[in-house]
Amino acid sequence: MAANNSAREQGMLWKREDPGGKMSAPTADERKACWGARDRYWQCLDESDKDSSECQKLRTIFEGSCPQQWIKYFDKRRDYLKYKEKLQSGGFQQQEKVTKP
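Position one of the sequence shown corresponds to residue 1 (full-length UniProt numbering), numbered consecutively onward.
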């Protein structure tokens, strides 16, 4: 298991197959590693410039720690949560209705 952890830290792709060649569900430890990598990446995005090299490193670790389907879901979830937060804080202004002459 130690080799798996160091591989994840280096950002290697997450892939786990059962003997039949099908993808198997992540273990509890793998889920925790994925969620932790996601949380560290999201925190970096919240605290710094989105294009910082540190955030890019964390993104690579995040991608290496989670199944691809989860990454896609988490990315969409973050976008939704940021949109919702902006709506609730009044960050969007309703446009005036345009009337035709």
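No residue lacks a Cβ here, since even glycine has one placed at the ideal position from N, Cα and C.
Between the C-alpha atoms of Gly36 and Gly90 there is a straight-line separation of about 31 Å. Ser65 places its beta carbon 8 Å or farther from that of Cys55. Under the three-state reduction of DSSP output, Gly64 falls in the helix class.
Non-local C-beta neighbours of Ala28 in its own chain, meaning closer than 6 Å and more than five positions away in sequence, are absent. In the structure shown, the three-state DSSP call for Gly36 is helix.
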